[in-house]
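Everything on this sheet refers to the single structure shown next.
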Amino acid sequence: MTVFDKPSLSQRLKPWFSGFDLPLLLAIAWMMGLGLICMYSAGYDHGTRFVDHSRNMLISVALIFFVAQIPPQRIMQLAIPLYTVGVLLLIATALFGITKKGATRWLNIGITQIQPSEILKIATPLMLAWWFQKREGLLRLPDFIAAFVLLAVPVLLVAKQPDLGTSILVFSAGFFVIFFAGMSWKLIIPAFMVGAIGITTLVLSEEKICQPEVEWLVLREYQKNRVCTLLDPNKDPLGKGFHIIQGEIAIGSGGIHGKGFMKGTQTHLEFIPERTTDFIFAAFGEEFGLLGALALLAGFTALILRGLMIASEAPTLFSRLMAGAVTLSFFVYVFVNMGMVSGILPVVGVPLPFISYGGTAMVTLGLGLGLLMSIAKTRRPRY
């Protein structure tokens, strides 16, 4: 009679912890450490922000761990259901959603209120990666047109709420998938040229088009005010330009070494608005200076470079597209947040990953990093 030894507890648990990408884990740990330090300083006298931020990080870590256990092939099967549910929830939000501060972004599902647009940050690139995987080797122009239609549906629904910041993030995540799938530069370069001409025209004609009686056909009034405030924040320094001016003052006053941990005057004297959320980089720059900002950028750069390396080594088209889109989405988060706080982009309400307070954003972050870790565990071996 053959006797089989039962595996020990360590043997049963080992597969759950094996295969994690160490450089990616180190980059995540570095950013989470900086996030906790910054939130303690900026939010220790701001209710329970630090405790809640720590809890949200633990939830994010749990999501990274559990999503990493799911093979990319299984994740791909969720593309159509997740995208469909997300779009239906956006439609329900437009019809029955809860309006706060002029925006209809929340939906009451009985036990709690949710923001369905957050689902589409993951569901949209997931759906597009599935679409191109099914057409691998047979891609034609109609396939790219269909992909843009799939992308346009959630982007337009989110922009209608209105939520320009989230619509930019959803669009960028989906666009990166289309770009990595083989979209021609002949289509991209003209779009960039049109954008550059539009921005130049906007800057040169600011004096005329920013007059109160001038109506913009595409953007809403508050969005027009944000753009005009960016062009000249000193026109209304105590009103619409207050955010940008105070953010610039805080970052500039930090100098090279910063004022020191928990010694930011602009931060703790309440001059920086939204100092634990959208404008937390201003608080970070004031207390830790240029050197601290470089350390922060080094962590983001390491994470992004490692993510692109994982994408290049992924075994399937779906994995490569998804890893590339998730990775460059972090770049968009960082660029837009730091840009708006520094006064080079309009204020659109985009959080800084790991650093800004926000439970929903942290959950989305965990899901994205979990997908990246899952792909890393199945990448092609080196020879």
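In my numbering, the protein residues as written are 9 to 391.
Note that CB positions come from ideal geometry on N, CA and C, so glycine has one too.
Environment of residue i [buried if 16+ CB atoms lie within 10 Å]
i      : result
Gln254 : buried
His61  : buried
Gln121 : exposed
Val163 : buried
Gly55  : exposed
Val342 : buried
Ala306 : exposed
Val358 : buried
Lys129 : buried
Leu30  : exposed
Gln85  : exposed
Gly190 : exposed
Ala160 : exposed
Arg82  : exposed
Leu246 : exposed
Trp224 : exposed
Terminal residues of the beta strand (DSSP E) in which residue i lies
i      : result
Arg113 : Ala111 to Asn116
Rounded C-alpha distance that separates residue i from residue j
i      : j      : result
Arg113 : Ala167 : 10 Å
Gly293 : Glu278 : 15 Å
Phe58  : Thr209 : 44 Å
Asn242 : Gly268 : 29 Å
Phe287 : Leu147 : 43 Å
Glu215 : Val75  : 51 Å
Ser180 : Val340 : 7 Å
Val344 : Leu353 : 7 Å
Asp53  : Gly110 : 29 Å
Ser192 : Gly332 : 17 Å
Thr107 : Pro361 : 26 Å
Thr285 : Gly145 : 44 Å
Met348 : Ala290 : 10 Å
Met9   : Thr335 : In this prediction, Met9 scores a pLDDT of 47, lower than 50, which makes its location untrustworthy; the coordinate-derived value is nonetheless stated afterwards. Looking at the two C-alpha atoms, the distance is approximately 54 Å.
Glu282 : Phe28  : 35 Å
Reference residue i, options the options, closest by Cα
i      : options                           : result
Ile127 : Gly94, Ser192 and Asn116          : Gly94
Ser382 : Val59, Leu71 and Ser213           : Leu71
Lys142 : Phe187, Ala87, Asp286 and Ala111  : Ala87
Leu329 : Gly206, Pro80 and Phe339          : Pro80
Thr132 : Tyr365, Val342 and Ser337         : Ser337
Val355 : Asn233, Val161, Met317 and Gly262 : Asn233
Tyr365 : Gly27, Ala76, Asn64 and Ala100    : Asn64
Leu66  : Leu379, Lys385, Leu375 and Ala333 : Leu375
Ala155 : Ile83, Pro124, Lys129 and Phe187  : Phe187
Gly260 : Leu298, Phe28 and Gly51           : Leu298
Leu313 : Ser49, Phe152, Leu380 and Leu115  : Leu380
In DSSP terms, what residue i is bridged to
i      : result
Pro108 : Reading the sequence as shown, one finds Lys at residue 108 and not Pro. Lys108 is bridged to Ala111.
Gln121 : Asn116
heavy atom of the ligand PLP below 8 Å from residue i C-beta
i      : result
Phe179 : This structure lacks the ligand PLP; in fact it carries no ligand of any kind.
Alpha helix (DSSP H) segment containing residue i, residue limits
i      : result
Lys267 : Taken as a continuous stretch (DSSP letters only), Lys267 belongs to no alpha helix (DSSP H), as it is neither H nor E.
Tyr341 : Leu325 to Ser350
Gly357 : No alpha helix (DSSP H) contains Gly357, which DSSP labels as neither H nor E.
Tyr230 : Glu229 to Leu239
His251 : Phe250 to Ser261
Trp38  : Leu30 to Gly51
Arg314 : Ile288 to Ser320
Ala160 : Leu149 to Ala167
Any C-beta of chain B under 9 Å from that of residue i
i     : result
Phe28 : Note that chain B does not occur in the displayed structure, where there is just one protein chain.
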